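Visitor:
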Amino acid sequence: MKRYFVLLLTLLVVIFPGLNSFPQKSNTNHPQNKDYSKSNVPGWAKKAVWYQIFVERFRNGDQQNDPDVKSLEGSWPHDINSPWKIHPWTSDWYELKPYEKENGKDIWYNIQRRRYGGDLQGVIDKLDYLKELGVNAIYFNPIFESPSLHKYDAAFYHHIDNNFGPDPGGDEKIWESETHSDPSSWQWTSADKLFLKLIKEAHDREIKVIIDGVFNHTGINFWAFRDVVKNQQESQFKDWFTIKNWDDPKTLKNEFEYEGWMGVKELPELKENENGLIPPIAGHIKAVVKKWMDPNGDGNPEDGIDGWRLDVAEKVNLNFWKLFRSWVKEINPDAYIVGEVWWEDWNNGKMFNAAAWLQGDAFDAVMNYRWAKEVIYFLAGNKYKITPSEFDKRIKSLLDDYPAEVNYVLMNLFDSHDTDRLGSRIVNPDYSYDKRVGIRDDSNYLVRKPNEKEINTWKLMTILQMTSLGSPMIYYGSESGMWGGDDPDCRKPMLWKDMNYDDEVFMPDQSKREYPDKNEFNQELFSHYEKLIQIRNSNEALQIGDFKTLLANDQTGVYVFSRSNLKKVEQYEIKDEVIVVINSGFSPALFDLEVEHKEYYKDVLNETIIEVKDGKIKIEAKPRWGMILVRDYYRY
């Protein structure tokens, strides 16, 4: 979640190209066989290709459930009186519509009021699209009831947002009939039931589903917090939050003060003791876990979610996450738990080493932002560019930090709802990772569409992502060519083939850019993602194989590594190997590469065959491109 409320807080190697230069060989092996007795990750997660969905911006599948302005109450900028409409899905992102101009506020104010109507039916309608892409695991940003566009300010943990389901009004009546502190009184709303349908539809397509759990804080509409606001010291939930000052009913002033996450009052923090969240809160969350992981309570978790992504996890005492894991694994031992453990010191660019959370007693994985930073600096950096050897050194250091099995299931992402999109990061190569990477924070940040050369870099980075150790994650729309700076510009409506979009013409200040950007689905990029995912899904070595560096040549910019594991082919057990060549340089690189097998390799990315001669293969690496060499057993 990082700092999506920055707006609130502010308002309140050169690579030396070489042709025919023989690379210096590296035989550094990184076998994944370290002994960590506690690590026990879900096997399916090693083979996952993740797709992150921000529901409000993914697809509007049911216009009858679209939010109204009243549904925004309780979220910043706390304006439900100014003119408002559901925003057109295909409109120019920075263009203020006439009804927005009436409030006299700037684009950043109005973007927070926008709703586009994305919902769960829209996701269900596009599950076949995800299946076609090759995705087999979905991570949902928060989907619990909440007034904001991002849903990190929950009103309930035990109900899906009513505007994501088919009957918002009927769902509200169900809420009112419950005693929210008593799980035995909980009922299934229409939105809840639709989510269960989505889970089944996904599972029928062999797609796993995990959801965002935001248990460090709630929203001001959260049922227990509302009771505290209403009843003050008399509330039975007064100990759920850190109250600094109670309201004095004898005065006109409201003296009520409480602790909010990062000082943000829209996000009241849940109270902790030395063991984490206090017992009443922990008990409530345990019931929530059970509801979504085994909905019908029959002991079979097949009808429930397959795991959790846990927001700002470092803010909650580790002891609680150990308890949380016990609840989750008791219901489904094969469930996947991934934490957001990210910035230790954002100002100084220091990220957490998350090893403490990854010893087999808390999380299975974390979102691998550390990996993202290094790949971006290696292949899309300018000011902060690193060489192949430096990249290799840093990646191996990251792998050494965590248990061996954990490295396979780390979420290897480039972008998310908390960063600038990959396309825009490539357009802006001089920025430090995740630092002022949007035009709201830096007027020099370029908001234009990536050009052909930059999209080629995008493709090169995706080649590395889909072949690296770890589970790749795609942020919605990356495969369709979406671009944009950091929050909120990374949260535009999804680009679809069946929609015609306005060109992006306007700038945030409502001036017009010199060259309009065509905003449309990028079929070529989609096909590239589709092919790479198919290659990954078809080669176990890329999913569960060891990692070994074969060379890192700083002169040519070439980086080569292998992924290998033992595989049964007919009656033989042989070493299955994939060799990946990444040429970060701007010139062709021609060299011989020693291999241990006397056979043929097939470059499954470029559709060529390479013959082994005298224990070597001749590599012709195109500039700014890659090769994926798979042993061709049947040609031998």
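Using the working numbering, the letters of the sequence shown map in sequence onto residues 266 to 901.
Think of the CB as a built atom: it goes at the ideal place given N, C-alpha and C, for glycine as much as any other residue.
The model shown is predicted, which means the values in this text are computed figures rather than measured ones.
Report the rounded CA-to-CA distance for Ile641 versus Phe679, giving the unit in angstroms.
Guide: Each residue's Cα considered, the two are about 8 Å apart.
Visitor: Distance check for Trp453 and Ile543, CA to CA, integer angstroms please.
Guide: Computed Cα separation, rounded: 27 Å.
Visitor: What residue range does the beta strand (DSSP E) around Pro246 cover?
Guide: As displayed, the chain neither begins before 266 nor continues past 901, which places residue 246 out of reach and without an answer.
Visitor: Which residue comes first and which comes last in the beta strand (DSSP E) that contains Glu639?
Guide: Per DSSP, Glu639 belongs to no beta strand (DSSP E); it is in the alpha helix (DSSP H), Tyr634 to Ala645.
Visitor: Round the Cβ separation of Met726 and Leu687 to the nearest angstrom and send it over; I've been treating them as touching at under 8 Å.
Guide: That pair is a contact at about 7 Å.
Visitor: Can you tell me where the beta strand (DSSP E) holding Leu781 begins and where it ends?
Guide: Here the sequence assigns Pro to residue 781, which means Leu is not the residue at that position. Counting along the chain, the beta strand (DSSP E) containing Pro781 begins and ends at Lys777 to Asp782.
Visitor: Give the secondary structure of Glu609 by DSSP, where H, G and I count as helix, E and B as strand, and everything else as coil.
Guide: Glu609 falls in the strand class under three-state DSSP.
Visitor: Compare the C-alpha of Pro407 against each of Leu395, Leu385 and Ala817 and name the closest.
Guide: Answer by Cα proximity: Leu385.
Visitor: Compare the beta carbon distance of Gly735 and Asn633 with 8 Å and say whether it is the shorter of the two.
Guide: It is a contact, given that the beta carbons lie within the stated cut-off.
Visitor: Straight-line CA distance for Gly891 to Tyr824?
Guide: Gly891 and Tyr824: Cα-Cα distance of roughly 9 Å.
Visitor: If you draw a straight line from the C-alpha of Lys530 to the C-alpha of Ile485, how long is it?
Guide: One C-alpha to the other measures close to 8 Å.
Visitor: Measuring alpha carbon to alpha carbon, tell me which residue in Tyr364, Tyr741 and Leu675 is nearest Leu664.
Guide: Among Tyr364, Tyr741 and Leu675, the Cα nearest to that of Leu664 is on Leu675.
Visitor: Unbroken beta strand (DSSP E) runs of length 3 or more, entirely within the stretch 414-478: which are they?
Guide: 473-478, all fully within the stretch 414-478.
Visitor: Are three or more beta carbon pairs between the stretch 648-658 and the stretch 804-823 nearer than 8 Å?
Guide: Cβ pair count under 8 Å is three or more, so yes.
Visitor: Provide the residue(s) that pair with Asn677 in DSSP beta bridges, ordered along the chain.
Guide: Beta-bridge pairing links Asn677 to Pro737.
Visitor: For Asp492, does the three-state DSSP call read helix, strand or coil?
Guide: Note: Asp492 maps to helix in three-state DSSP.
Visitor: Return the residue from the list Ile318, Pro431 and Lys366 that minimises the CA-CA distance to Gln329.
Guide: For Gln329, the nearest C-alpha among the options comes from Pro431.
Visitor: Taking only heavy atoms of the ligand HEM into account, decide whether any of them is closer than 7 Å to the Cβ of Trp488.
Guide: Judged by which ligands are present, the structure shown has none, so any question about the ligand HEM falls away.
Visitor: Spatial neighbours of Glu795 within its chain, please: CB distance less than 8 Å, with the 5 preceding and 5 following residues excluded, ordered by chain position.
Guide: Answer for Glu795: Glu397, Leu398, Gly399 and Glu744, listed in chain order.
Visitor: Hey, Trp488 and Phe421: beta-carbon distance below 8 Å or not?
Guide: Contact: yes.
Visitor: How close, in whole Å, do the beta carbons of Trp354 and Met616 come, if the pair is a contact with beta carbons under 8 Å?
Guide: About 35 Å separates the two Cβ atoms, so there is no contact after all.
Visitor: Within 10 Å of its beta-carbon, does Trp761 have 16 or more other beta-carbons around it, so buried, or fewer, so exposed?
Guide: That one is buried.
Visitor: Note the first and the last residue of the continuous beta strand (DSSP E) segment covering Tyr394.
Guide: First-last for Tyr394: Leu392 to Leu398, but that is the alpha helix (DSSP H), not the beta strand (DSSP E).
Visitor: Run the CB neighbour count on Glu441, radius 10 Å, all protein chains shown included, and call it buried at 16 or more, exposed below.
Guide: Per the 10 Å Cβ criterion, exposed.
Visitor: Please list, in chain order, all residues of the same chain as Ala961 whose beta carbon is under 6 Å from its beta carbon, the five residues on each side excluded.
Guide: Look at the range of the chain in this structure, 266 to 901, and you will see that residue 961 is not part of it.
Visitor: Compare the Cα-Cα distances from Gly478 to each of Lys777, Val554 and Lys311 and report the closest residue.
Guide: Of Lys777, Val554 and Lys311, the residue nearest in Cα terms is Val554.
Visitor: Going along the chain, which residues of its own chain have a beta-carbon closer than 7 Å to the beta-carbon of Asn298, five neighbours each way excluded?
Guide: Note that Asn298 scores 41 on pLDDT, short of 50, meaning its location in the model is unreliable and no value can be drawn from it.
Visitor: Is Asn501 buried or exposed, if buried means 16 or more other CB atoms sit within 10 Å of its CB?
Guide: Looking at the sequence itself, residue 501 is Gln, so the reference to Asn does not match. Per the 10 Å Cβ criterion, exposed.
Visitor: I'd like the list of long-range same chain contacts for Arg690, defined as Cβ closer than 8 Å, with 5 residues on each side in sequence excluded.
Guide: Excluding positions up to five away in sequence, the list reads Ile641, Ala645, Phe679, Asp680, Thr684, Tyr696 and Val702.
Visitor: Take Glu859 as the anchor and find which of Arg322, Val877 and Asp767 has the nearest alpha-carbon.
Guide: When only C-alpha atoms are compared, the closest one is Val877.
Visitor: Could you tell me whether the Cβ atoms of Ala456 and Phe429 are closer together than 8 Å?
Guide: Contact: yes.
Visitor: Can you round the beta-carbon distance between Ile425 and Phe460 to whole angstroms, since I take them to be within the 8 Å contact cut?
Guide: Yes, Ile425 and Phe460 are in contact; Cβ-Cβ is about 5 Å, under 8 Å.
Visitor: Grouping DSSP H, G and I as helix and E and B as strand, with all else coil, what is Met892?
Guide: Note: Met892 maps to strand in three-state DSSP.
Visitor: Return the first residue and the last residue of the beta strand (DSSP E) that Leu760 is part of.
Guide: Here Leu760 belongs to no beta strand (DSSP E), and DSSP marks it neither H nor E.
Visitor: Is it right to say Asp576 is buried, meaning 16 or more other beta carbons lie within 10 angstroms of its own, or is it exposed?
Guide: Its Cβ being crowded by 16 or more others within 10 Å, Asp576 is buried.
Visitor: My understanding is that Ile570 touches Ile476, with C-beta atoms under 8 Å, so please give their C-beta distance in whole angstroms.
Guide: About 6 Å separates the two Cβ atoms, so the contact holds.
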